[in-house]
Amino acid sequence: MRGKHLGRWGRAVAVALGVGLAAGGAAAQPAPAAPAEQPLSASLTGMAKAEHGAGSALFKEGDYAGALARFERAYELSREPRVLWNVAACQKNLRRYAKMLATLRRIEAESGDALSPRDRKDIAELVQAAGAFVSRLEITASEPGATVFVDDEPVGTTPLAAPVPLDIGERRVRVSKPGFVDFVRRERVVGGGSVALVARLERAVHRGRLAITAGPDDLIAVDGKVVGKGRWEGPVPSGTRALRVTGPGKTPHEAQVLVRDDERRRIDVTLERAPERGGADRWLWIGGGAAIFAGAIVAGALLSEPGRPAEQGSLGTVPLGFGGRR
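In mature numbering (1 follows the signal peptide of the UniProt record, and there is no 0), the protein residues as written are -28 to -1, 1 to 298.
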């Protein structure tokens, strides 16, 4: 493509866009191809040609968002720089001036020597005209490698290589990095100015709160550490926490408690009295021991009684009437 042909074509688009920007309303039309050059629609083939044709039809109907999507697809398929002028026209009519500026710079970068000095002058004039509708975002971030979003669309990584253009209106700026809490600001942007933000990112701390209520004398332990008696509430790391509540003469309570980020989890614990150890066996042992002791006393008395022969026996073989073994 020769520069002089693109120059006439580019100037026509520049004039259309420039008037529209200055007036703030007139809808720009896709620029016609230069007479001496093959029309854009004729130079495209296959799906690129079909997408471009659909974009032109949508543009005439005033569906600039639909036309933009078609023109962008036509460019992806063809890599024909002239399609980008139509992309810029759609962005202008959608009032996406920051995007339009990026497209104009893309035309400069990708057209190379095909752009004539007059083409470059047209682009410079368009950039100047659009400047009244765009401000510059400058961000100083405490963390390198954080992604900067404008209206949830990524625009760069800290530190930014250059200011980011912002369209007029309310914009949502977000700076995000894994392991840190997002920095979020809403800014009312006016044209032709600058927005300077200092983004201090703080490390993300995942925690919630745990509130435990138990008996007055019960000890409360979280993750193996005693934290209180009777009642306790405090911050804990998010996730599954090991809870143990103990009390004198009571059965311990153990549970796994899930605590989510920023959640307050309340747990009420009532301990049950522990059962007596040994049960009936204990009383049998006590009764048997008493009988053995009594048998020993009787045997001693018999042995010491004068005039009677000694009996042979041993502890535990006393008469049945004394509760010994059968």
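Each residue gets a CB set at the ideal place from its N, CA and C atoms; glycine is no exception.
| Check | Outcome |
| --- | --- |
| Specify the secondary structure class of Ser15 as computed by DSSP and reduced to three states. | helix |
| Could you give the distance in angstroms between the alpha-carbon of Val162 and the alpha-carbon of Val156? | 19 Å |
| So, helix, strand or coil for Gln63, using DSSP? | helix |
| Since I believe Val145 is in contact with Val170 (beta carbons under 8 Å), could you give me their beta-carbon distance rounded to a whole number of angstroms? | In fact, because the Cβ distance is near 12 Å, the residues do not count as touching under 8 Å. |
| With DSSP as the reference, please indicate the residues paired to Arg237 in a beta bridge. | Leu182 |
| Quick one: is Gly164 buried, meaning 16 or more other Cβ sit within 10 Å of its Cβ, or exposed? | exposed |
| Taking the continuous beta strand (DSSP E) assigned at Thr112, which residues delimit it? | 106 to 113 |
| Three or more beta-carbon pairs under 8 Å between the stretch 88 to 106 and the stretch 148 to 155, yes or no? | no |
| Quick check on the burial criterion: 16 or more other C-beta atoms within 10 angstroms. Buried or exposed for Lys32? | exposed |
| Is the distance from the Cβ of Val167 to the Cβ of Pro137 below 8 Å? | no |
| Taking 8 Å as the threshold (C-beta atoms), are Val231 and Leu182 in contact? | yes |
| How many angstroms separate the CA atom of Gln100 from the CA atom of Pro11? | 29 Å |
| Tell me which residues share the same chain as Thr185 and place their Cβ nearer than 6 Å to its Cβ, disregarding the 5 neighbours each side in the sequence. | Arg203, Asp240 |
| Buried or exposed: Lys197, going by 16 or more other Cβ atoms within 10 Å of its Cβ? | exposed |
| Over what stretch of residues does the beta strand (DSSP E) that includes Gly141 continue unbroken? | 141 to 148 |
| CB-CB under 6 Å to Pro127, same chain, minus the five flanking residues each way: which ones, in chain order? | Per the sequence presented here, residue 127 reads as Val, with Pro not at that position. Closer than 6 Å at the Cβ level, and outside the excluded window around Val127, lie Val120, Val136. |
| Considering only their Cβ atoms, is the gap separating Gly103 from Asn58 smaller than 8 Å? | no |
| Taking the straight line between their C-alpha atoms, what separation do you get for Val55 and Ser83? | 11 Å |
| For residue 307, count the other beta carbons within 10 Å of its own beta carbon; 16 or more makes it buried, fewer makes it exposed. Which is it? | Because the chain spans -28 through 298 in this model, residue 307 falls outside it and cannot be assessed. |
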